[in-house]
Amino acid sequence: MSVPVRAADGGAAPRAPVVARRGEGGPVSAVAAALRRPVRWPAYAGALVVIALLPIVLGTPYWRGILVVCAMNVLLAMSLNLVIGYTGQLSLGQSGFFAIGAYVTTVLLKSHGWNFWLAAAAAVLAAGVVGLLLAAFAARLRGHYLGIASLGFAVIVYQVLINWESVTKGVRGIYGIMPPPPVALPGLPEISFGNQAALFYLVAGLALLVYLVLDNLVRSPIGETLRAIREDEISAASLGVDSARWKAFSFGLSAAIAGMAGCFYPGFVGTLVPDAFNIVESFTMLAMVIVGGMGTMIGPVIGAVVLTFLPELLRGFGDLRLMVYGVALTLVVLFMPGGIVQAARALVARRAQGGPRA
Amino acid sequence: MTALLEARALRKSFGGVRAVEGISLAVPERAIFAVIGPNGAGKSTLMNLLSGTYQPDSGELLFAGRQLVGLPAHRRVRLGLARTFQKIRLFKQLTLLDNVLAGFHIHHRIPAWQYLLPAAAFWRDWTRCREEGMALLEFVGLADRAFERAGALAYGQQRMLEIARALATGPKLFMLDEPAAGLNSAEVGFLLQRLIDIRARGITVVVVEHNMDLVMNVADHVFVMDHGEYLFQGKPREVQDNPQVIEAYLGGEFVGGVAA
Numbered sequence: 002m003s004v005p006v007r008a009a010d011g012g013a014a015p016r017a018p019v020v021a022r023r024g025e026g027g028p029v030s031a032v033a034a035a036l037r038r039p040v041r042w043p044a045y046a047g048a049l050v051v052i053a054l055l056p057i058v059l060g061t062p063y064w065r066g067i068l069v070v071c072a073m074n075v076l077l078a079m080s081l082n083l084v085i086g087y088t089g090q091l092s093l094g095q096s097g098f099f100a101i102g103a104y105v106t107t108v109l110l111k112s113h114g115w116n117f118w119l120a121a122a123a124a125v126l127a128a129g130v131v132g133l134l135l136a137a138f139a140a141r142l143r144g145h146y147l148g149i150a151s152l153g154f155a156v157i158v159y160q161v162l163i164n165w166e167s168v169t170k171g172v173r174g175i176y177g178i179m180p181p182p183p184v185a186l187p188g189l190p191e192i193s194f195g196n197q198a199a200l201f202y203l204v205a206g207l208a209l210l211v212y213l214v215l216d217n218l219v220r221s222p223i224g225e226t227l228r229a230i231r232e233d234e235i236s237a238a239s240l241g242v243d244s245a246r247w248k249a250f251s252f253g254l255s256a257a258i259a260g261m262a263g264c265f266y267p268g269f270v271g272t273l274v275p276d277a278f279n280i281v282e283s284f285t286m287l288a289m290v291i292v293g294g295m296g297t298m299i300g301p302v303i304g305a306v307v308l309t310f311l312p313e314l315l316r317g318f319g320d321l322r323l324m325v326y327g328v329a330l331t332l333v334v335l336f337m338p339g340g341i342v343q344a345a346r347a348l349v350a351r352r353a354q355g356g357p358r359a
Numbered sequence: 011m012t013a014l015l016e017a018r019a020l021r022k023s024f025g026g027v028r029a030v031e032g033i034s035l036a037v038p039e040r041a042i043f044a045v046i047g048p049n050g051a052g053k054s055t056l057m058n059l060l061s062g063t064y065q066p067d068s069g070e071l072l073f074a075g076r077q078l079v080g081l082p083a084h085r086r087v088r089l090g091l092a093r094t095f096q097k098i099r100l101f102k103q104l105t106l107l108d109n110v111l112a113g114f115h116i117h118h119r120i121p122a123w124q125y126l127l128p129a130a131a132f133w134r135d136w137t138r139c140r141e142e143g144m145a146l147l148e149f150v151g152l153a154d155r156a157f158e159r160a161g162a163l164a165y166g167q168q169r170m171l172e173i174a175r176a177l178a179t180g181p182k183l184f185m186l187d188e189p190a191a192g193l194n195s196a197e198v199g200f201l202l203q204r205l206i207d208i209r210a211r212g213i214t215v216v217v218v219e220h221n222m223d224l225v226m227n228v229a230d231h232v233f234v235m236d237h238g239e240y241l242f243q244g245k246p247r248e249v250q251d252n253p254q255v256i257e258a259y260l261g262g263e264f265v266g267g268v269a270a
């Protein structure tokens, strides 16, 4: 069986498998197929509707809180996927960037009296710059070595948060952090982000925007360049690709997005302690990317949703909860090595093949 | 005839091994320039020095009068050098078309903001790349398989795809490292015709090769190396007749080849 057009990268709107049309013959139809532009706006419209309905369907404060966490996890999983799935660089330092986003925002807000939005912008920038610095190492390291080095980065950030007490308050943590300040748009009632539905709309809306930007990016020549680096750096160099530069781009952008998720975390929880950014978080994000399907746009989104809601749905198991979660995770990786997205595509392809014959 | 690429006393050692020992050569413009020599003669090292995968220990390398020594491989591509690899290095998980599209890396002219929000210039570039990409696949006879994974191709087809991908960079000088290795005779014939077509497009070709049929049929100039050093150069016929070359490298096998 052959693979449809860019199967690895099909995003929200799967395209018709061109291979099925190959019977029509030669290069002319192949050129026509190559020139068929993807249409994805219906998928975005659908996503908007889903986001709008979610806090209404899941109406209790508890589930709305889970929704906010889920939107943050979607941002984090997408950010990690850019580096791992598209650029092919194993990074385990994502919890560090998440932490930088959270702490820079909170410290500027609480200790320096900055406006939240300005503090958040500074935090996104700070995380992005640190990402660029980490990329300087990434350009020299490969595979497992890069994994260890980036894990080291996450450990360093965690230790700094614990030990730099004059700024971070150490393990005692920072308390009484307010949600983002209300926004008053002309002609509309004031939006208060103390309301978790409003906070969800804000974070989920940003996540959708980030999805749109990344989706356009990975389908553009930049995406072609990143995938070239992922597949073979020496080949990429023979086509004029400066891998060090493009890895820096990928790490920087990924770190900034993780930092963006971090901005909203402290105001949502109300307190900020280093343990929220333990290196285990990096692996949770990695699990989201792998379970969903790395190197696809929609995969990490699905992974983040599943791994956010699964532990909640398993609460009925009481103390066995984490064990069931662990077993479920292992089974997914064992039987769906390409993640949920690839398993779903294989299923659809099998149906499409079996259908006409039956 | 002016030289497009000129090497002067290039040297490269790995530890104690002198892989390339004082090679000087001049590749004339719009020619097919073949480099031959027995295994271990330093041909692939020379190729890697020309393309920038390695930097020489000493010596000079001029491309259209410009010094190349010190320039990394990816910068040389922008000057108009392209190459293929002896051991095929495709993006195996990507489709054929996506492999070729990656080759347009240095040729995109899109305002930065249109990468986030595609508009007219983006779609112009998008269409042009796909048209040219399909034309290149057509050129190497693979257009009807544009949407298959590159890893699914047979060996000889993978070699042709690598050629299409390298041509997408729009080279002035195209270097092929043993393109006929592992090809059957029909595929060698196809390759031979394509090399002539590439030269006809005004592209200078450097080919490192073992396959004598290919070299003797298409090369304008043959450069012979042995043990990292220069041995002889000239027209294919002169190389064939040179006793030094026959003794050092070609031996009985080659004489038999001529007779046949």
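Chains V and D, in that order, give the protein sequences.
Just so we're aligned, residue 2 is where the first sequence starts under the numbering used here, counting upward by one.
Just so we're aligned, residue 11 is where the second sequence starts under the numbering used here, counting upward by one.
Even for Gly, the Cβ is constructed at its ideal location relative to N, Cα and C.
These figures come from a predicted structure and were not determined experimentally.
Residue range of the unbroken alpha helix (DSSP H) whose run includes residue i
i	result
K53 of chain D	K53 to S61
P38 of chain D	Unbroken run through P38 of chain D is the beta strand (DSSP E), V27 to P38; no alpha helix (DSSP H).
G294 of chain V	It is not in any alpha helix (DSSP H) - G294 of chain V carries neither H nor E in the DSSP assignment.
L1 of chain V	This structure leaves residue 1 of chain V out entirely; chain V is present only between 2 and 359.
A259 of chain V	S244 to V270
E234 of chain V	E234 to S239
A150 of chain V	G144 to N164
V218 of chain D	Where V218 of chain D is concerned, there is no enclosing alpha helix (DSSP H), although the beta strand (DSSP E) it sits in stretches over T214 to V218.
Beta strand (DSSP E) segment containing residue i, residue limits
i	result
R21 of chain D	A13 to F24
L91 of chain D	L91 to R93
R336 of chain V	Sequence check: residue 336 of chain V is Phe here, not Arg. No beta strand (DSSP E) contains F336 of chain V, which is instead part of the alpha helix (DSSP H) from R322 to F336.
I42 of chain D	I42 to I46
T61 of chain V	T61 of chain V -> no beta strand (DSSP E), and no H or E assigned at all.
Distance between beta carbons of residue j and residue i, contact taken as under 8 Å
i	j	result
A196 of chain D	A92 of chain D	With a Cβ gap of about 25 Å, A196 of chain D and A92 of chain D do not count as contacting.
G47 of chain D	D236 of chain D	5 Å
A127 of chain V	G260 of chain V	7 Å
I280 of chain V	A78 of chain V	Contact doesn't hold; Cβ gap of about 17 Å is too wide.
L171 of chain D	L106 of chain D	6 Å
L59 of chain D	K22 of chain D	6 Å
L209 of chain V	L49 of chain V	7 Å
E282 of chain V	S96 of chain V	4 Å
P56 of chain V	A198 of chain V	4 Å
Residue i - DSSP class collapsed to helix/strand/coil
i	result
A145 of chain D	helix
L186 of chain D	strand
V50 of chain V	helix
M235 of chain D	strand
Y165 of chain D	helix
R119 of chain D	coil
R23 of chain V	In this prediction, R23 of chain V scores a pLDDT of 41, lower than 50, which makes its location untrustworthy; the coordinate-derived value is nonetheless stated afterwards. If DSSP states are grouped into helix, strand and coil, R23 of chain V belongs with the helices.
G244 of chain D	strand
S80 of chain V	helix
Q197 of chain V	helix
S96 of chain V	helix
Q77 of chain D	strand
T106 of chain V	helix
R175 of chain D	helix
V219 of chain V	helix
Candidates the options, of which the one nearest residue i by Cα
i	options	result
L1 of chain V	V:S92, V:K111, V:V40 and V:G188	A query on residue 1 of chain V cannot be resolved here, the shown segment of chain V reaching from 2 to 359 and no further.
R40 of chain D	D:V234, D:K182 and D:L146	D:K182
R159 of chain D	D:V249, D:Q103 and D:L127	D:Q103
S61 of chain D	D:L89, D:A191 and D:R155	D:L89
A237 of chain V	V:G206, V:G89 and V:G271	V:G89
L147 of chain D	V:V108, V:G114, V:H113 and V:V32	V:V32
I291 of chain V	V:G304, V:S283, V:I299 and V:M298	V:G304
L133 of chain V	V:P275, V:W247 and V:R322	V:W247
V168 of chain V	V:R143, V:L207, V:G129 and V:V108	V:V108
G144 of chain V	V:F98, V:D320 and V:E232	V:E232
L91 of chain V	V:P43, V:G153 and V:M73	V:G153
R37 of chain V	D:R140, D:R85, D:M226 and D:V37	D:R140
T301 of chain D	D:A131, D:F184, D:A74 and D:R86	Beyond the ends of chain D as shown, which are 11 and 270, falls residue 301 of chain D; an answer cannot be given.
Cutoff 6 Å; reference residue i; Cβ partners in own chain excluding five residues on either side
i	result
N252 of chain D	F242
P82 of chain D	G62
V255 of chain D	V234, F242 and V249
Contact with chain C by residue i, beta-carbon distance below 8 Å
i	result
Q103 of chain D	Annotation note: the requested chain C is absent from the structure, which comprises protein chains V and D.
Proximal residues to residue i (C-beta, below 7 Å), its chain only, five neighbours per side dropped
i	result
A123 of chain V	V105 and L109
L83 of chain V	L215, S251, L254 and S255
G224 of chain V	Y87 and L218
V30 of chain D	L20, R21, K22, G52, T55, L56, L59 and G238
Neighbourhood of residue i by C-beta distance below 8 Å, restricted to the same chain and skipping five residues each side
i	result
F95 of chain D	E172 and D187
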